[in-house]
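These notes are about the structure you will find just below.
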Amino acid sequence: MAQANDQGTIEYRVAVREAIGDEMERDPSVVFFGEDVAIAGGVFAVTPGLHERFGERVIDTPISELAMSAGAFGAAVNGLRPIFEIMFADFLLLSMDSLVNQAAKYWYVSNEQGSCPLVVRSAMGAGGNFGAMHSQSPVPWLQGVPGLKVVAPATAGDAYALLRAAIRDDNPVAFLEHKRLYSVKDPVSPVDTLPLGEAAVVREGTDVTLVSISKGVRDCLRAADELAEKGVSAEVVDLRSLRPLDTETVLRSVAKTNRVVMVEEGPLIGGWAANLLGIVAAEGLHDLDDAWLIACPETPIPYSPTLEDAFLPNEGRIVGEVSSRLGLAAEIATGA
Amino acid sequence: MAQANDQGTIEYRVAVREAIGDEMERDPSVVFFGEDVAIAGGVFAVTPGLHERFGERVIDTPISELAMSAGAFGAAVNGLRPIFEIMFADFLLLSMDSLVNQAAKYWYVSNEQGSCPLVVRSAMGAGGNFGAMHSQSPVPWLQGVPGLKVVAPATAGDAYALLRAAIRDDNPVAFLEHKRLYSVKDPVSPVDTLPLGEAAVVREGTDVTLVSISKGVRDCLRAADELAEKGVSAEVVDLRSLRPLDTETVLRSVAKTNRVVMVEEGPLIGGWAANLLGIVAAEGLHDLDDAWLIACPETPIPYSPTLEDAFLPNEGRIVGEVSSRLGLAAEIATGA
Amino acid sequence: MAEKTQATAPGAEIDAVEARDLYRRMRLIRTFEDTVQQQFQKGNVHGTTHLYSGQEASGVGVCSMLREGDKVAGTYRGHGHSIALGVDPQKLMDEMLGRVTGACGGRAGSMNVVDVASGLIGCFGIVGGSIGAATGAALAEKLRGTGNVAVAFFGDGTSNQAYFHESLNWAQVEKLPVVFVCENNLYMEFTPIEDVTAGAIGSRPQAMGIDYRQVDGNDVFAVREAAGEAIEHARSGAGPAFLETMTYRFVGHSRSDPGKYRKPGEMDEWKKRDPLILGRRALEERYGIEAERLDEIDAEVAKQLEEIVERGLAAPFPDPGSDGKEFK
Amino acid sequence: MAEKTQATAPGAEIDAVEARDLYRRMRLIRTFEDTVQQQFQKGNVHGTTHLYSGQEASGVGVCSMLREGDKVAGTYRGHGHSIALGVDPQKLMDEMLGRVTGACGGRAGSMNVVDVASGLIGCFGIVGGSIGAATGAALAEKLRGTGNVAVAFFGDGTSNQAYFHESLNWAQVEKLPVVFVCENNLYMEFTPIEDVTAGAIGSRPQAMGIDYRQVDGNDVFAVREAAGEAIEHARSGAGPAFLETMTYRFVGHSRSDPGKYRKPGEMDEWKKRDPLILGRRALEERYGIEAERLDEIDAEVAKQLEEIVERGLAAPFPDPGSDGKEFK
Ligand SMILES: Cc1ncc(C[n+]2csc(CCOP(=O)(O)OP(=O)(O)O)c2C)c(N)n1
Ligand SMILES: Cc1ncc(C[n+]2csc(CCOP(=O)(O)OP(=O)(O)O)c2C)c(N)n1
Ligand SMILES: [Mg+2]
Ligand SMILES: [Mg+2]
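Line order of the protein sequences matches chains A, B, C and D. For the first sequence, the positions run 27 to 362 when the working numbering is used. For the second sequence, the positions run 27 to 362 when the working numbering is used. For the third sequence, the positions run 32 to 359 when the working numbering is used. For the fourth sequence, the positions run 32 to 359 when the working numbering is used.
This is how it looks when you write it as C-alpha cells:
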C-alpha cells in the first residue's frame, strides 16, 4: 500500500510513482519505459527513483511514440506487462495505430488466445497555458475504441489503486493523469486496487447530479459546496473510467435527482459528456426532468491566460449554470 | 456538373472521381496524392484517369501516411489545395498527429492568418469481411477534433457535391466514403456544391425520426419503407456531416415526431449516435417521448460472415426495434 | 545415406529428410494459396486475400532456422509465414473459410491470424505493424534472458513507413534479439519499389549500424544460410539483424489487382526461378532425390489440401449469439 | 571600405554592414531569450518556454541565406528561428506575454508561433512536425515552379521520429526543394543523443542519397557557407539537402530542467565557443570591427528589448468574448 506522508496524505504524482513501484516489486514482468522517464525521472517528476530501483526494467526511449507503443504491444503479447509513458497526451496521436489496431484488438481477434496487458500513461489537460498542442484531453480520440480501457483518476488515492489495477488488467489501458492534479495531495488509498469501470458517488445529493472525471470531479465537488450554500443539494459522480463506462451508477443517481449535468474538459461534439447523456436518455428518459452539458468551445485550446480561463469549464460556471437552470435557490430549498 | 450515364444515374465511385476532376479543372491549386492512386487508379478503382489528365498534380506516394498528411498540411498552408487518400480509414490512425495537431488547429492558432484547405479522402466501413483492421469507421477518433470537418455522403449525388464543397473549403475536411457504397448508382447531383454541415430530411414522416449518415441512411430508408407497410411513418434524417453537426435539423424533426432512433455503424460508447442524442436531450428534452440507439457491440469487427452480419446494424434490426418499441403497427396507425 | 550440405551458418546443414521437408513445406504453401484462390472464387473465402505464391523460399528458409520459443510476426501476406512456422494448415484454411474451427475462431480472417502455440504472435494487416510488434516481443525475450529471437516479416514498400524507422533504431539502441526480414518482391502493391523509395533499402539498416545481408529469396538453401547467420547474430546478443530476401510475387497483390504494372517479360524470368523449381533442382543435385519422389510429395500435398477444404467446408460457422461479448 | 570575405557558396560573401547585422541578430535572439526567461520568472510569460540561447548562429546563419518567398518551419524552440527569419520581436514578445498584439493574438504562445508574412509557416510543438510541414510546403513551391525553398529546423533527437524518416524519403523521391536543418545540440531533452540513436544522424539522409553536410553550428559564417550550398542544391531542383549544425544549448531544455545530465566541463568548453564570442572575433578579424562598436550593438539591443517588454506589458490581453468562435 502507498506510503503516506506525515499528514497522512500523498501527492498525486507520488501515488502514481508508488503504484508503478509496488507493481514492479510484486511482478517481475512489469517494465516501464518512455522519454526521459528513467535517468531524469520524467518531465513531470513522476518517476524519479524507479530506474535506480529496477535497473534495466525502466528504460529511456528515443522520441519514437509509435515504436514505443508497438514495442509495448509486442512485449505485452509476449509475456511482459509494459507500462509506457506518452509525455503529453497530445502525442498519443502518433501512437494510435498501434494502440487501436494492435493492442485493443488482440484479445478479441486472436479469439482470446492471447491477452495484451499494457498500460499507456499520459499527462493530459489544459489550464497551464501550454497551448493547443500540449493541453488536450485525448478522450474523444480514445473512448470509441472497443478493447481499450480509458481510466482517469480524480484523486491521488484513486490514482494509486486504479493504476495498480490497470497494470494487472489483462488488456490495454490508457491511464490519463491530469497535469493540474500532479501536485494535489489526498488521503492515501485504503486499498491496493480498485476495479476498473466502476464509477463512484463521491458526494450524495438530491436535487441534481453532477457527472465528471479527472480534474472535473474536483471542480464539481467545489461547485457542490457552493451550491449547498445556495440551498441546492448536488450529488457528484466520479466516472473514474470512460470505458468501460459505468452507466448504471449514473442512471441510479439520475433516478434519484432527476436532473443531470455532465462536465467535460473537451469539445461537446464528439465528447464523452454528450455521449453519456445520450446513453442516459436512451435508458432512463422517464427519469430525466432536466439535463445539460458543460464543455469547451469548438476550437483548439488557446494559450493566453484570459482566453484559456474562459475556455475551460470551472466551478464558477457549474454553479452559475446549475443555479440559473434550477431557478432561485429558495425555490429549490422549498421544493418548489 | 457530373456526367450522368445513360440511365441518368452515376456510380458513387465515379461521382467522387468527377468531383476531383472538376475541381482540378477549375482550380490549378488542387492536387491529389495517395498510395497507388495515380498510375493504378486506386485500389477501389475510384481515381483512374486523373493522372493521365492532370499529370504531376496526381501523385503516387510511398506507404507513408504521416508524411502524406503532413505534406498535405504543409502544401495547404502554402497555397495548394491538396486532396490525399488514406486507402482504408483504419490507416488514418497513422496520420492523426498531423491532421489533429497541425491541420485542424492552424486557422485558429495562427489567429486566422492562414487557412489549411486540405481534404483527406478515405474508404471506411464494414460489411465486406475485410476484418478488424480494414473495416472501421473512423468517426469516433475524428469527430471530437475542433477544426476538422467530418463529411460522409450517403448518395453518389451528395458525394459529388459535398466533395467539391470540401475541396473548396478553407479548412481541413475528412471525407469518408463507405466501401459498400462505391458501386451504388444514384441520380446525378443537380448542384455543383452543397454546404458542409447541413443535414437533410431525406424522407418525411410523423411517428419517429431515424437519424444516420453514410450507408446507414440507406438502411434507414429501406427500413422506413418496411415500416410504412406496418403503418409506421418514419422520417429519415441524413446528417451528411458529423462536424459541423446540424443539430437544428434533428431537433426540428424530433419536435415533430417526438421519437428518435440514431443508427450508427460503430460502438455505442464514444460514438456519434449517443453523442448526438445527448445534445438532443440537452436542447430538446421536452420534445422527446422516446429515444434509442442502434449501434455495434463493443468489440472489434469480426471477419466471419455470420459474425459480421450479426455485428452490423441493418434495416431488419431497425424495423424490428422500431416496431417493438412503438408497439403494434395498428396502434400507431390509429394514433393509440 | 544423406550427406550434409556445406553451410557456414551453424545448423544450416541438413540431411535429405530435412531437405525434403523444406520442399514439402514450400509446396504446401503454394498449394494452400492456389486452394485459397479457388475457394475465394467460389465465394467460400471472403473479404480479400494476399497470396504468398512465389515467395515460399523466403518464409520457409527463415522459419526452418528458428527454434522452439522464437517468435514470428507476419504480414497480411501471412499464410506463407504461418505455414512456414508450422501453423496447422487446417486451422488456417478454416479461418479463411470463416469457421469456428479456424485458428482464431473465424474472428480474424486472412490478414490477422494469430497462433500463439506456434509462436506466431500475429499477422499484421497494417503495413509495418509486424516490425514494431517483433521489436517489442524481442524486448520481452531480452529482459527474460531466454535467448529466443523474434522475427518480423515485411515487404519492400514497408521500408518507407514510420514503424520501420522508429523500430529499427530502438532495436539497435537496445540491442534487441530481433531479425528484420524484408521480403523484397520489387513492388509495393502496384508501384515499382524504386519509384517510391530513396536509395537502397539495405542502406537504411546499415546507416544504423545494423547487421545486414541480402540473399536470393527464391533459393531456400541460400535463405537458410543467410537467415542462420542473421538469427545467430541476433541470438548472440549483438543486436538486431536485417535480412533482405530478393523475391517475386507470382500472383496479384490482392484479389483485385490490375496487374498492368509488371515490366514485360519480368514474370517469365522470375518464373524460371520459381522457388519450387529451384528447390527441386537443389534436392536432385545435392541429395540425389529423384523427380518422382518430389512428384509424390506434390500429390500428397494436393490430396492433403483437398481433405482440408472438405473438412473446412463441413465445419460450422461461429454462432453470433455466443460471440461479441464485451471485453473482459 | 568593407571587403567581401571568401566564400564558396553563392551569395555567402557579405560586407561589414551585413556582417554586423548578423551579429546584431544573434544578439537580439540572446537578449530576447534572456528577457523571456526573466518575464517567465516574473509570471508574465506562461506555460513553458524552450530557449534558443547558444544556438543562435545556426538559425541566423541559415536564414540569412534565404530570399523572399522561401518558407521556414521552426520548432517549439522557435523564438530563434522566428527572429532569425525576421519576425518582429515585439509581436513575438507580445505573443509570449499572451497579448492580443502578439503574432497570433495570444492564441499560440511560445511553441506554436505562425507569421505568414515573414514566411514562417509555423513553429511546431510536436517533435518532427516541422519536417513534414516543410516537405509539404516544398511540394507546393515545386508544383508552382517558384524556385523557392522550404526549410525545416529540428533537433538531433527528432531524427528518431516517424516524420523524419517518412518525409526525408518522400522529399527525395519527389526531388522537393526542401532543406532539412538538424540542429544537433547533443541532447534530446535530458538524454544524450547517442544513448537513443543508432549510428550517426548524417548516415540517415545519406542512406537515401540526400545531399548532406555537417557544419560548426556556432560559427555563423561557417553556417552561412554550408547553408548557402544546401539551399543552392535544393533550389536548383536537385532535391532536398540536409544540413547538420553542431551546437549546444546554454540553458535548460525548457523552464523545468534538472540539468544533471550534462557531462562535467562540457558547458564550459562550449561557452568558450559561444556563437556571440565567435561572432565578435570574426567581425574583428575579418572586418576589423572594433569591440566598442559591438558593445554599442549589445547596448542598443538591450535597450530595444526593454522597450519591447514595456510596450508588451502595456498591451491588452485578448478578450474572450470575441474569441472562441466556431470554425468557419
Ligand atoms: C499502413 C498501411 N498503409 C497501406 C496499406 C495498404 N497496403 C497493403 S499491402 C501494401 C503494399 C505493401 O508493399 P510491400 O511492403 O512491398 O509488401 P508486399 O505486399 O509486396 O508483400 C499496401 C500499400 C496497409 N495495409 N497499411
Ligand atoms: C512527438 C513528441 N514527442 C515528445 C515531445 C517532447 N519533447 C519536446 S522537445 C523534446 C526533445 C527534442 O530533442 P531534439 O530534437 O534534440 O531538439 P532540442 O530540444 O534539443 O532542440 C521532446 C522529447 C514532443 N514535443 N513531441
Ligand atoms: Mg513488395
Ligand atoms: Mg537536441
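Note that beta-carbon positions come from the ideal geometry of N, C-alpha and C, so glycine has one too. Here the structure is a predicted model, which means the values were calculated and not measured.
At a C-beta separation below 9 Å, Tyr194 of chain D has these neighbours in chain B: Leu92, Ala93, Ala96, Asp123 and Ser124. Shortest Cα-Cα distance from Pro143 of chain A to any of A:Thr325, A:Arg194, A:Leu119 and A:Gly183 involves A:Arg194. In the DSSP secondary-structure assignment, Arg312 of chain C is not bridged to any residue.
Under the three-state reduction of DSSP, Ala149 of chain A is assigned to strand.
A residue is called buried when at least 16 other Cβ atoms come within 10 angstroms of its Cβ; Val217 of chain A does not meet this threshold and is exposed.
Among the residues facing chain C, Glu224 of chain A is not included, as its CB has no counterpart in that chain under 8 Å away.
Residue range Glu91 to Ala102 is occupied by the alpha helix (DSSP H) that includes Ala101 of chain B. Secondary structure note for Lys175 of chain A: its beta strand (DSSP E) is the uninterrupted segment Lys175 to Val177. Beyond the five residues adjoining it in sequence on each side, Pro41 of chain D comes within less than 8 Å, by CB distance, of Gly259 and Glu263 in the same chain, given in chain order. Within the chosen limit of 7 Å, ligand 1 does not reach the beta carbon of Thr276 of chain C with any heavy atom. Beta-bridge annotation (DSSP): His204 of chain A is paired with A:Met150.
In this structure the region 232-247 of chain B lies against the region 258-270 of chain B, because at least three pairs of beta carbons, one per stretch, are closer than 8 Å. Annotated as proximal: Thr276 of chain C and Val254 of chain C, with beta-carbon spacing under 8 Å. Secondary structure at Phe117 of chain B: helix, using DSSP grouped into helix, strand and coil.
Taking the Cα of Asp329 of chain C as reference, the smallest distance to any Cα among C:Glu49, C:Leu59 and C:Gly160 is reached at C:Leu59.
Cβ proximity to chain D below 7 Å picks out nothing from the region 163-189 of chain A. Of all residues in the region 274-287 of chain C, those with a C-beta nearer than 9 Å to a C-beta of chain B are His284, Ser285 and Ser287, reading in chain order. Across the set B:Ala152, B:Leu76 and B:Arg107, the C-alpha of B:Leu76 shows the shortest separation from the C-alpha of Val84 of chain B. Under a 10 Å Cβ-count criterion, Val48 of chain D is classified as exposed, with fewer than 16 other Cβ atoms of the shown protein chains found around its own Cβ. Met113 of chain A is outside the set of residues whose beta carbon lies under 8 Å from a beta carbon in chain B. Against chain A, the CB of Glu334 of chain B has no partner CB under 8 Å away; the residue lies outside that interface. Interface residue (Cβ-Cβ distance to chain B less than 8 Å): Thr235 of chain A is not classified as such.
DSSP places Phe80 of chain B in the helix class (H, G or I) of the three-state scheme.
Interface residue (Cβ-Cβ distance to chain A less than 8 Å): Val204 of chain C is classified as such. Distance check between Leu325 of chain C and each of C:Tyr54, C:Ile45, C:Ala43 and C:Glu44 places C:Tyr54 closest, using alpha-carbon atoms only.
Boundaries of the beta strand (DSSP E) harbouring Thr35 of chain B: Thr35 to Glu37, taken from the DSSP string.
Proximity of Asp146 of chain C to chain B, defined by a Cβ-Cβ separation below 8 Å, is not satisfied. With contact defined as three or more Cβ pairs closer than 8 Å, the region 170-186 of chain A and the region 279-295 of chain B are in contact. Cα atoms of Val63 of chain B and Asp226 of chain C: separation of roughly 14 Å, rounded to the nearest angstrom. Only residues of its own chain outside the window of five on either side were considered, and among them Thr235, Glu261 and Val263 have a CB closer than 6 Å to the CB of Ser279 of chain B, listed in chain order. The beta carbon of Val176 of chain A is closer than 8 Å to those of Val165, Leu168, Gln169, Val199, Ala200, Leu202, Ser267, Leu268 and Arg269 in its chain, skipping five residues each way along the sequence. For Gly105 of chain D, the uninterrupted beta strand (DSSP E) run begins and ends at Lys102 to Thr106, by DSSP. If you measure from each CB to the nearest heavy atom of ligand 3, the residues under 6 Å come out as C:Gly186, C:Asp187, C:Gly188, C:Asn216, C:Tyr218 and C:Met219. Taking CB atoms only, Ser136 of chain A has a neighbour in chain C less than 8 Å away. Taking 8 Å as the cut-off, the Cβ atoms of Val180 of chain C and Ala169 of chain C count as close. In this structure, Thr73 of chain B and Asp212 of chain B do not form a Cβ contact; the two beta carbons are roughly 19 Å apart against a cut-off of 8 Å.
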